[in-house]
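Undergrad: In terms of this note's numbering, the sequence shown is residues 331 to 410. Ideal Cβ placement from N, Cα and C applies to all residues, glycine included. Computed from a prediction, not measured in an experiment: that's the story for all the values here. Below is the structure I would like to discuss, written out as structure tokens.
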Amino acid sequence: MSLAAEWQSRSLSAVYAIVFFDAIHYHVRQEGKVVNKAAYTCLGVDLKGRKDVLGLWVGEGAHYWLGIMNELKNRVLKIF
């Protein structure tokens with residue numbers, strides 16, 4: 331397993347006081363065409379005020395976000 335994949339699948343704290351989701355949209359050339367892509371980040375702030383990047387993803391759509399939420403839940407993040 332690569333270091334990045336290991337980091338992306340690491341266990342998370344059980345509780346975060348605040349969880350932020352954000353995206354950066356950009357244009358990339360893919361198969362000879364310019365397409366829009368988005369890089370999504372998730373940042374958690376624990377009860378002591380420490381920040382932790384919970385993950386980074388590239389993709390879009392409601393179905394995609396459901397997969398991210400399930401991934402975070404499976405890594406122990408409690409979503410209330």
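Can you tell me whether DSSP reads Ala335 as helix, strand or coil?
TA: helix
Undergrad: If contact is defined by three or more beta carbon pairs under 8 angstroms, each pair taking one atom from either stretch, is the stretch 366 to 373 in contact with the stretch 337 to 354?
TA: yes
Undergrad: In its own chain, which residues sit with a C-beta less than 8 angstroms from the C-beta of Val406, not counting the 5 before and 5 after it?
TA: Ser341, Leu342, Ser343, Ala344
Undergrad: Starting from Val375, trace the beta strand (DSSP E) both ways and give me its first and last residue.
TA: 363 to 375
Undergrad: Starting from Leu384, trace the beta strand (DSSP E) in both directions and tell me its first and last residue.
TA: 381 to 388
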